[in-house]
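Residue numbers (full-length UniProt numbering): 1 to 483.
Virtual Cβ for every residue (Gly too), placed ideally from N, Cα, C.
Below you'll find the structure, written out as structure tokens, and then a few comments.
This is the structure we're talking about:
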């Protein structure tokens, strides 16, 4: 042993004894295996181990004198290949037009500004219309590729969902009115630009690949009012269309439009003066309410009791006021005259709305039984459906669904906000029940004090309605805002 090395082994001699071209050949052979490396390649250069200080350089023949370490670049033959790692490219990226760049999601938070917000897709050429592409503002997926299984989706930890905005572009919306809506008879897919049309009599579904027959009137172009090629139909030309459903898609015959206005007439509501603004705006828009000649309306006022108004059909006289104070066992005082047709009673309705602000100008009730009123109003229009518009200025504190103030005046400026969730599910259950009868509820909140909007907003949230909040409202200060 000489300084730790066996006498029969010299590091420099061992390396120089090998062919310099063999390392280059090994690297080239490694790079040529399937075009991609699977393990680390052989080291392309000589080992740079330092020689021991006491190791004597052996004597070689002059023809085989050892070269210095830096002399390898001057050796005859091809230069050694430099290896650099290369990442495999997804062959589907080019086919679908996606960018093949990689980003670090832990470092880059805004992916859309990194050049990945591209919507270029190459669709198969055998589609009926491979140039039809839906606008991302109308329909979009959070991922550009659907995971193959649920396990892969969980590992990616990426959100997977669809954003859909119906009626986004009303100006360019294609509305189709036909007696027969073409759908696949196996999977019920609607005919679309991505199906295959072998001829003018058949089409193949793009989801289940089953063959279907085209109806005779599908070649009729509603835009040109003539027969032509099926590819000219709006269902094939445009990715987004709107159908006017025929009778076979209706659960029941078309019902009249129904509007019920529920008004808070407690002392705080009268003091805010919103009833004057409501009456003024309703008189302006009364003739513009959506609906046909069968449109129906009703008016209900709420304080510690529920006030109904019974109209006489065809009469111009003011309605009769019916008051129900049994809020725990609410009932309809009459089945006639409360829900009336708008067109036939327009004069009586106008006269009532004009007098409405004066009916409760001396109201002194501080309580409100909104829950009881909503239950009986839902019963009133459950058979036909419709829309209930609620104007509320105080917290409902008596009857079904009564609430108590949860506000702590000392915590108004606290950083930790509390009571942002509902305190009861009464209004949520009521809204879901209304939804089952095609009844929607809108809430206009015009409160000057705490009214527990987190709980009351449930009636609109779960019935496809809307919430409009006007805090600290007074008719003399916020008239322009309300209009």
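Residue 322 has 308 as its beta-bridge partners, per DSSP. Following the DSSP letters along the chain, one finds residue 285 in no beta strand (DSSP E) but inside the alpha helix (DSSP H) bounded by residues 274–285. Separation of the CB atoms of residue 207 and residue 128 is rounded to 14 Å, and the pair is thereby denied contact status at 8 Å. Residue environment: residue 319 is assigned as buried (16 or more neighbouring CB atoms within 10 Å of its CB, all protein chains considered).
Listed in chain order, the non-local C-beta contacts of residue 387 below 6 Å within the same chain comprise 259 and 440, local neighbours out to five positions each way being set aside. Restricting attention to 457, 446 and 454, the CA atom closest to the CA of residue 472 is found in 446. Our two residues, residue 442 and residue 269, have alpha carbons roughly 18 Å apart in a direct line.
Per DSSP, the unbroken alpha helix (DSSP H) holding residue 234 starts and ends at 234–237.
Per DSSP, the beta-bridge partners of residue 469 are 445. Cβ-Cβ separation between residue 459 and residue 430: approximately 6 Å, consistent with a contact (criterion under 8 Å). The Cβ-Cβ distance between residue 205 and residue 219 does not fall below 7 Å. Per DSSP, reduced to three states, the secondary structure at residue 163 is strand.
Note that the segment 261–275 touches the segment 301–321; at least 3 beta-carbon pairs, one per stretch, sit closer than 8 Å. By the Cβ test, the segment 360–375 is in contact with the segment 323–339, since at least three Cβ pairs between them sit closer than 8 Å. Here residue 177 carries a strand assignment [DSSP, helix/strand/coil].
Between residue 160 and residue 153, the CB-CB gap stays under 7 Å.
In this structure residue 278 touches residue 391 by the C-beta definition: roughly 6 Å separates them, less than 8 Å. With respect to the C-alpha of residue 428, the residue from 457, 290, 404 and 402 having the closest C-alpha is 457.
The alpha carbon of residue 340 has as its nearest neighbour, out of 349, 332 and 333, the alpha carbon of 349. When only Cα atoms are considered, residue 239 and residue 131 end up about 10 Å apart. For the UniProt domain "Zinc finger Sec23/Sec24-type" (181–217), the full-length beta strand (DSSP E) segments reaching 3 residues or more read 196–199, 202–204 and 211–213 along the chain. Counting the other CB atoms within 10 Å of its CB gives residue 167 a total below 16, which places it among the exposed residues. Between the beta-carbon of residue 403 and that of residue 338 there is about 27 Å, and that puts the pair past the 8 Å contact cut.
When DSSP states are grouped into helix, strand and coil, residue 297 belongs to the strand group. The C-alpha of residue 178 lies about 7 Å from the C-alpha of residue 246. Sorting 257, 397, 353 and 143 by C-alpha distance to the C-alpha of residue 438 places 257 at the top. DSSP places residue 386 inside the beta strand (DSSP E), whose first and last residues are 386–392. With a cutoff of 7 Å on beta-carbon distance, residue 424 and residue 463 are scored as not near each other. Here the C-alpha atom of residue 305 lies approximately 52 Å from the C-alpha atom of residue 135. Of the residues assessed, residue 233 falls on the buried side of the cut-off, its CB having 16 or more other CB atoms within 10 angstroms. In this structure, residue 308 sits near residue 333, with a CB-CB distance shorter than 7 Å.
Taking each of 467, 252, 400 and 366 in turn and checking the Cα distance to residue 449, the smallest one comes out for 366.
Just so you know, the alpha carbons of residue 212 and residue 241 end up roughly 21 Å apart.
Taking all protein chains shown into account, residue 125 has fewer than 16 neighbouring C-beta atoms within 10 Å of its C-beta and is therefore exposed.
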